[in-house]
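Chains as they are written, first to last, in this note's numbering: chain A, 548 to 781; chain B, 4 to 225.
Structure below.
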């Protein structure tokens, strides 16, 4: 397996307006890895995840996702990438089930996965038929996670996934991440919930000023899983 | 592309069905516009009948603006636009689906407004085929232009006020041609409306083609 074959950035620079939110970030993530990005607000974590999802282009450097060059075609891998940002991408007036069915159909998936995903996130029964606008913040977050579970993307990009979830929801999320990695999916998450996120991650990277600074040991994997050349020391 | 268009149109129409915005807000607004015109021109019923075609299409245009803004706002909430982009759906399919959903709502509204001008303005529709063709083509053009400009304005903070400024000038040729065609249909010579219908067909094809080609870039940049 090639190093960084799930997500690969080399000196990637991305602008938000005229501000370089990514200022030469370098990162390699292998398939099946769970990688935690930490760092202060504004460090570039969200931008890195959006670049990885192909939602934001880079003005210089290299970006590869699942073997595709995103500098040439940002849309190439979107169907295989699951992105959970601060918004869950839910339609307020649709029911939980309708949201899942649309998301799964949109990527050409099998809607048979919707029922098990709802059950996995504790959204079956009355909640499955509820309009999203009537859900609590935590239930919305679970719905967004259920979409990811139903889609089963090859690369999960999660931005503060624990936010808004209660203890049970956080446990479900951690279980979901472990299950995804167990079947070969790659997970990159940005989180300030270090204790929880570190426990599920194979390795942890610190970001600051738009670059990936250093690796830190984690409970699940430790530094031994860091691929050679994966870390850019600014 | 067509599968993606059907999926997106079905989603947007389901959202409208559940939210009831079209039936509880847009349709009453359109009827209110017709009624206000009737009050304003009450002193001279003959003028009201003569101006029925123009007033009808002005009411359709105002209601169309609301439908387009609503269609655009659906994708602006909760990061839905990002997820639509991530779905990998064909941008041309997304455009046709969203325009199709707007067009379906507008056509239903136009039937209601047509009944309104018959009752309120004492107008009689002579050329039914001409009216049906005019409405289908004008609605296709309006929905296509509206969806395109709605996407263009979507990423801007001033989108609610910017959209009418962008869309109304582009919709003016449609308004003119549709009004002339309706004028012919309401009069005794429906055949006079043929050239206006042809013009509407040209506009509809131009707006739809441009939308299919340009929507992907707009979606990426908005």
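Cβ coordinates follow ideal geometry from the N, Cα and C atoms, glycine included.
- Contact check for residue 745(A) against residue 554(A) fails: the beta carbons are separated by 8 Å or more.
- By the criterion of at least three beta-carbon pairs nearer than 8 Å, the stretch 648 to 656 of chain A is not in contact with the stretch 709 to 725 of chain A.
- The three-state secondary structure of residue 28(B), taken from DSSP, is helix.
- Beta-bridge partners assigned by DSSP to residue 733(A): 702(A).
- In summary, residue 192(B) is exposed, with fewer than 16 beta-carbon neighbours lying within 10 Å of its beta-carbon over all protein chains present.
- Listed by position along chain A, the residues whose Cβ is nearer than 7 Å to that of residue 221(B) form an empty set, because the closest Cβ is around 14 Å away.
- Between the stretch 556 to 572 of chain A and the stretch 601 to 621 of chain A there are three or more C-beta pairs closer than 8 Å, enough to call the two in contact.
- A Cβ-Cβ distance of about 6 Å is found for the pair residue 116(B) and residue 37(B), placing them in contact under the 8 Å criterion.
- Scanning its chain for C-beta atoms nearer than 7 Å, with the 5 sequence neighbours on each side dropped, one finds around residue 557(A) the residues 573, 608 and 609, in chain order.
- Of all residues in the stretch 22 to 34 of chain B, only 22 come within less than 7 Å of chain A when Cβ atoms are compared, listed by chain position.
- Residues of chain A whose Cβ lies closer than 9 Å to the Cβ of residue 216(B) do not exist, since the nearest Cβ in that chain is about 16 Å away.
- Taken in chain order, the complete alpha helix (DSSP H) segments of 4 residues or longer contained in the stretch 29 to 104 of chain B are 30 to 43, 48 to 53, 55 to 79 and 83 to 89.
- Nearest neighbour of residue 212(B) by Cα position, chosen from 186(B), 47(B), 147(B) and 57(B), turns out to be 147(B).
- Only buried fits residue 703(A), as 16 or more other CB atoms lie within 10 angstroms of its CB.
- Put simply, of 180(B), 169(B), 67(B) and 82(B) the residue whose alpha carbon is nearest the alpha carbon of residue 110(B) is 67(B).
- With a threshold of 16 other beta carbon atoms within 10 Å, residue 708(A) meets it and is buried.
- The Cβ-Cβ distance between residue 74(B) and residue 105(B) falls below 8 Å.
- In terms of Cβ geometry, residue 7(B) and residue 87(B) do not form a close pair [threshold 8 Å].
- Per the Cβ contact rule, the stretch 92 to 103 of chain B is not in contact with the stretch 28 to 44 of chain B (fewer than 3 Cβ pairs under 8 Å).
- Per the coordinates, the alpha-carbon of residue 620(A) lies some 46 Å from the alpha-carbon of residue 59(B).
- Proximity to residue 654(A) across 89(B), 176(B), 175(B) and 108(B) peaks at 89(B), based on C-alpha coordinates.
- In this chain, the beta strand (DSSP E) harbouring residue 571(A) covers 566 to 576.
- Nearest CB-CB separation between residue 69(B) and chain A: not below the 8 Å threshold.
- Comparing alpha carbon positions, the residue from 183(B), 198(B) and 79(B) closest to residue 155(B) is 79(B).
- Under DSSP, residue 607(A) takes part in a beta bridge, and its partners are 560(A).
- Here the stretch 623 to 639 of chain A makes no contact with the stretch 568 to 587 of chain A; the two share fewer than three CB pairs at distances below 8 Å.
- When rounded, the separation of the alpha-carbon atoms in residue 569(A) and residue 594(A) is 7 Å.
- Every alpha helix (DSSP H) stretch that sits fully inside the stretch 603 to 679 of chain A and reaches 4 residues is listed by chain position as 643 to 653 and 661 to 667.
- In this chain, the alpha helix (DSSP H) harbouring residue 220(B) covers 197 to 224.
- For the stretch 180 to 196 of chain B, no residue has a beta-carbon sitting nearer than 7 Å to a beta-carbon of chain A.
- Excluding its 5 nearest sequence neighbours in each direction, residue 138(B) has C-beta neighbours in its own chain below 6 Å: 113, listed in chain order.
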